[in-house]
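*Asks:*
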Amino acid sequence: MSKLRVVIIGAGVAGCQAAVTLRKISQDLEVVLIDSKREIGYSPCALPYILEGEMDIKEIWPFNKDMLTSQGVIVKAGEKAISIDTRKKIVKTIMDGKEQEYNYDYLILTTGASPRRIEIKGVESYDTIKNPGDIERIERNIANKNKIAIIGGGFIGLEVAAALKRIGKEVVIIEAMPHLLPGILDEDMARIVEQYLKSLGIDIYYGKIREFSEGKIILENDISIPGVEHFIVSIGDIPNIELARSAGIKTRTGIIVDKYMKTSNKYVYAAGDCVEVLDHVTKKPRRSVLANNAVREAIVAAYNIANKLGLAERREFKGIIGMGISRAGDLFIASAGISEEIAEKMNLDALAQKISTTIAPREYKNGID
């Protein structure tokens, strides 16, 4: 009798965690992990800190091919999944022009997300940050350049800006919204972050880019920013859901799953940056791009597949409250829940209060505001 097979598409943190969990539950399960990239198992959260030399690129791999293989996972790195036939339960892949088919008993989609891209008039190319190769490319592209523009004032944009400043680059941040970290912090809190970044010598501008011409960025509000030599764009991401959608699996802003991480197809589960989960604050589904949540979702998906096979107890993913944490330079920034601005847009009754506290008792060295 052949082993039951679980195929996982996407070998980021969620996919690797699901694979390892399934093999820990039962050595009798055949687990096939497929990813179009040859570099698998890394955590993208630490990438900006590699730029400033604080971390070595070798430190960002919580999983790797050798570790996965040693646990019995069949790793297919560099092999792209191109279609899913949910009726026949077959995943079709391609690698070096050669197509391959994998039958599955259950399928887990951990296809992640890709950087959102924009067109900037007058700019032929720019960098984004999502994988280790991006860091190596950025290091090459900025080696002989001085003034770098970061497009986007979210967590990653600020981390990259501070990192580049630390290695001696002149840095400007351009944010289309009226303040940094929109949707994460309210304006009054974002101004604290802005003041800190300006104290590092980082220039910050607000407005949409009209064009890049004769070495100048021109914003729609007619502000001109001269001397920019390179662009790094960090304006969020787009979930990789086309494969799921083309297979008839229901999606909205992400793949729709229930509390067991099951999709609209009973043999297909999903986890990570490609899914929507319940937000306990708004009581509405939304994407979470936090690695901790991706890991928890992957474990729940793995256990519930094992439960269907009579190998484990059923588990539930309880949802999220929308947490995030970052460090730009020496400034730590964190949020939980939603901002007052978003609450007002959603007509939620919200009360906001600003307080100053410490990270440790003031009599201790680190007891700072």
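Each residue of the sequence shown is one higher than the one before, counting from 657 in the working numbering. In this text, a Cβ means the ideal position worked out from N, Cα and C, and glycines have one as well.
Give the single residue among Tyr760, Tyr762, Ala733 whose Cα lies nearest to the Cα of Ile750.
*Replies:* As a working mapping, residue 750 is identified with position 94 in the sequence shown. Of Tyr760, Tyr762, Ala733, the residue nearest in Cα terms is Ala733.
*Asks:* Hey, which unbroken runs of the alpha helix (DSSP H) at 4 residues or more fall wholly within the region 778 to 866?
*Replies:* 788 to 798, 811 to 822, 843 to 855
*Asks:* Taking the alpha-carbon positions, what's the Ile794 to Val956 distance?
*Replies:* The sequence position of residue 794 within the sequence shown is 138, counting from 1. The sequence position of residue 956 within the sequence shown is 300, counting from 1. Looking at the two C-alpha atoms, the distance is approximately 36 Å.
*Asks:* Between Ile664 and Gly671, how many whole angstroms is the CB-CB distance? I'm expecting something under 8 Å.
*Replies:* To locate residue 664, count along the sequence shown from 1; it is residue 8. To locate residue 671, count along the sequence shown from 1; it is residue 15. With 8 Å as the limit, Ile664 and Gly671 qualify as a contact, their Cβ atoms being about 5 Å apart.
*Asks:* Helix or strand or just coil, what does DSSP make of Asp935?
*Replies:* Counting from one through the sequence shown, the residue named residue 935 turns up at place 279. Three-state DSSP puts Asp935 in a strand.
*Asks:* Can you name the start and end residues of the alpha helix (DSSP H) that Gly671 belongs to?
*Replies:* Counting from one through the sequence shown, the residue named residue 671 turns up at place 15. Per DSSP, Gly671 belongs to the alpha helix (DSSP H) from 669 to 681.
*Asks:* By the DSSP assignment, the beta strand (DSSP E) with Tyr959 in it spans what residues?
*Replies:* Counting from one through the sequence shown, the residue named residue 959 turns up at place 303. Segment 947 to 964 is the alpha helix (DSSP H) holding Tyr959; no beta strand (DSSP E) there.
*Asks:* Starting from Met751, follow its DSSP beta bridges and name the residues at the other end.
*Replies:* What you label residue 751 is simply residue 95 of the sequence shown in a count that begins at 1. Note: Met751 sits in a beta bridge opposite Lys754.
*Asks:* How close, in whole Å, do the beta carbons of Thr938 and Ile994 come, if the pair is a contact with beta carbons under 8 Å?
*Replies:* By one-based count along the sequence shown, residue 938 stands at place 282. By one-based count along the sequence shown, residue 994 stands at place 338. 7 Å between Cβ atoms; contact.
*Asks:* Please name the residue in Val931, Ile981, Ile840, Gly904 whose C-alpha comes closest to that of Ile894.
*Replies:* For the purposes of this step, residue 894 is identified with residue 238 of the sequence shown, where counting begins at 1. With distances taken between Cα atoms, Ile894 lies closest to Val931.
*Asks:* Can you say whether Ala992 is buried or exposed, counting buried as having 16 or more other CB atoms within 10 angstroms of its CB?
*Replies:* Counting from 1 along the sequence shown, the entry for residue 992 is found at position 336. The residue in question, Ala992, is exposed, as its Cβ has fewer than 16 Cβ neighbours within 10 Å.
*Asks:* Going by DSSP, what residues sit across from Gly980 in a beta bridge?
*Replies:* Counting from 1 along the sequence shown, the entry for residue 980 is found at position 324. Gly980 is bridged to Ser991.
*Asks:* Below 8 Å CB to CB, which residues in the same chain sit around Thr919 once its five sequence neighbours on both sides are set aside?
*Replies:* Along the sequence shown, one-based indexing puts residue 919 at 263. If we look at Thr919 and ignore the five residues flanking it on each side, its Cβ neighbours are Leu765, Ala900, Ile905, Lys906, Ile911, Ile912, Val913, Tyr925, Ala926.
*Asks:* For the putative contact between Leu841 and Leu814, defined by C-beta atoms under 8 Å, what is the C-beta separation to the nearest angstrom?
*Replies:* Here residue 841 refers to the residue found at position 185 of the sequence shown. Here residue 814 refers to the residue found at position 158 of the sequence shown. About 11 Å separates the two Cβ atoms, so there is no contact after all.
*Asks:* In this structure, how does DSSP classify Glu686 when only helix, strand and coil are distinguished?
*Replies:* Mapped onto the sequence shown, residue 686 falls at position 30. Glu686: strand per DSSP, three-state reduction.
*Asks:* Return the chain-ordered list of same chain residues with a C-beta closer than 6 Å to the C-beta of Asp859, the five sequence neighbours on each side being excluded.
*Replies:* Counted from its first residue, the sequence shown places residue 859 at position 203. Within the same chain, Asp859 has close Cβ partners Val828.
*Asks:* Among Pro838, Lys825, Met917, Tyr916, whose alpha-carbon lies nearest the alpha-carbon of Glu885?
*Replies:* By 1-based counting over the sequence shown, the position of residue 885 is 229. Of the listed residues, the one whose Cα sits closest to Glu885 is Lys825.
*Asks:* Skipping 5 residues on each side, what residues in its chain have a beta carbon closer than 6 Å to that of Ile738?
*Replies:* For the purposes of this step, residue 738 is taken as residue 82 along the sequence shown, with counting starting at 1. If we look at Ile738 and ignore the five residues flanking it on each side, its Cβ neighbours are Lys748, Ile750.
*Asks:* In terms of alpha-carbon separation, which member of Pro882, Glu867, Lys872 lies closest to Lys777?
*Replies:* Counted from its first residue, the sequence shown places residue 777 at position 121. Nearest C-alpha to Lys777: Glu867.
*Asks:* Identify, in the order they occur along the chain, each residue of the same chain with its Cβ nearer than 7 Å to the Cβ of Pro882, setting aside the five sequence neighbours on each side.
*Replies:* Within the sequence shown, the letter at position 226 stands for residue 882. These residues qualify, in order along the chain: Gly871, Lys872.
*Asks:* For Ile740, decide whether its Cβ has a neighbour in chain C, counting only Cβ atoms nearer than 7 Å.
*Replies:* In the displayed structure, chain C is absent; only one protein chain is listed.
*Asks:* Are Ser692 and Pro718 close, meaning C-beta to C-beta below 7 Å?
*Replies:* Taking the sequence shown and counting its residues from 1, the one referred to as residue 692 is at position 36. Taking the sequence shown and counting its residues from 1, the one referred to as residue 718 is at position 62. Against a cut-off of 7 Å, the Cβ pair of Pro718 and Ser692 comes out as no contact.
*Asks:* Using C-beta distances below 7 Å, list every residue in its chain close to Asn963, excluding the 5 sequence neighbours before and after it, in chain order.
*Replies:* For this step, residue 963 is matched to residue 307 along the sequence shown. Here the set comprises Glu969, Arg970.
*Asks:* From this set, Val849, Asn802, Ser781, which residue's C-alpha is nearest Phe811's C-alpha?
*Replies:* The residue you call residue 811 lines up with position 155 of the sequence shown. Answer by Cα proximity: Val849.
*Asks:* Taking DSSP's pairing of strands, which residues face Val731 in a bridge?
*Replies:* Counted from its first residue, the sequence shown places residue 731 at position 75. According to DSSP, Val731 bridges with Leu689.
*Asks:* Could you have a look at Thr1013 and say whether DSSP puts it in helix, strand or coil?
*Replies:* Here residue 1013 refers to the residue found at position 357 of the sequence shown. Note: Thr1013 maps to coil in three-state DSSP.
*Asks:* Is it right to say Met1002 is buried, meaning 16 or more other beta carbons lie within 10 angstroms of its own, or is it exposed?
*Replies:* For the purposes of this step, residue 1002 is taken as the residue at position 346 of the sequence shown. Exposed, since its Cβ has fewer than 16 Cβ neighbours within 10 Å.
*Asks:* At what residues does the alpha helix (DSSP H) containing Leu703 begin and finish?
*Replies:* To locate residue 703, count along the sequence shown from 1; it is residue 47. From DSSP, the alpha helix (DSSP H) with Leu703 extends over 703 to 707.
*Asks:* Which partner residues of Lys736 appear in the DSSP bridge assignment?
*Replies:* By one-based count along the sequence shown, residue 736 stands at place 80. Lys736 is bridged to Ile750.
*Asks:* Compute the beta-carbon to beta-carbon distance between Asn759 and Lys745, rounded to the nearest angstrom, for a pair I have assumed lies under 8 Å.
*Replies:* Position 103 of the sequence shown, counting from 1, holds the residue named residue 759. Position 89 of the sequence shown, counting from 1, holds the residue named residue 745. Their Cβ separation, rounded to whole angstroms, is 6 Å, which keeps Asn759 and Lys745 in contact under 8 Å.
*Asks:* Is any heavy atom of the ligand MG found at a distance shorter than 6 Å from the C-beta of Ile690?
*Replies:* Here there are no bound small molecules, and the ligand MG is not part of this structure.
*Asks:* I'd like the list of long-range same chain contacts for Pro834, defined as Cβ closer than 8 Å, with 5 residues on each side in sequence excluded.
*Replies:* Here residue 834 corresponds to residue number 178 of the sequence shown, with the count starting at 1. Excluding residues within five positions, the ones whose Cβ falls inside 8 Å are Glu843, Tyr862.
*Asks:* Using the rule of at least 16 other Cβ atoms within 10 Å of the residue's Cβ for burial, across every protein chain shown, is Ile804 buried or exposed?
*Replies:* Here residue 804 refers to the residue found at position 148 of the sequence shown. Looking at its Cβ environment, which holds 16 or more other Cβ atoms inside 10 Å, Ile804 is buried.
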